[in-house]
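K.L.:
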Amino acid sequence: MHYVSDRKNGPQWRQRWVTEVDFGPILLDVPLWWSQAVCRGQQALFYSERRVDQAQAVAICRTCPVLSECESETRSVEVSGRRFGVRAGYTPEQRKGWKTQAP
Numbered sequence: 399m400h401y402v403s404d405r406k407n408g409p410q411w412r413q414r415w416v417t418e419v420d421f422g423p424i425l426l427d428v429p430l431w432w433s434q435a436v437c438r439g440q441q442a443l444f445y446s447e448r449r450v451d452q453a454q455a456v457a458i459c460r461t462c463p464v465l466s467e468c469e470s471e472t473r474s475v476e477v478s479g480r481r482f483g484v485r486a487g488y489t490p491e492q493r494k495g496w497k498t499q500a501p
């Protein structure tokens, strides 16, 4: 994955990243703080359904310098019934009762 450019998007600066997937490059528009996230590049661990992997992912989240930003973003974008992966130190099961908040 590599950085492409900055652009103004609403109240926060966001970054654009390009990542390669099986069918070619895709462009991701991500929050600026994401570049400091400890989990970056560890998708297999954070989206595993195995409890042991989820526990390891939660432990990694607890050490992250942008944990509060991640939790705020997670609460603003999650849609009921569509929770995947460990986010902000919480498993999908733990986030079931969350209600989304306006960003």
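Residue numbering for the sequence shown follows my numbering, starting at 399 and increasing by one per position. We put the beta carbon where it would ideally sit given N, CA and C, even for glycine. In this text the structure is predicted, and so the values were computed from the model without any measurement.
1) DSSP puts residue 485 in a beta bridge; with which residues?
2) If you compare alpha carbons, which of 471, 450 and 476 is closest to residue 430?
3) Got a sec? Which residues, its chain only, sit under 8 Å from residue 460 by beta carbon, not counting five neighbours each side?
4) Do you know how far the Cα of residue 444 is from the Cα of residue 484?
5) Can the beta-carbon of residue 436 be found closer than 8 Å to that of residue 462?
P.N.:
Quick answer:
1) Bridge pairing for residue 485: 488 [DSSP].
2) Looking at the Cα atoms, 471 is the closest of the given residues.
3) Excluding sequence neighbours, residue 460 sits near 487.
4) For residue 484 and residue 444, the distance between alpha carbons rounds to 5 Å.
5) Judged by their CB atoms, residue 436 and residue 462 are nearer to each other than the 8 Å cut-off.
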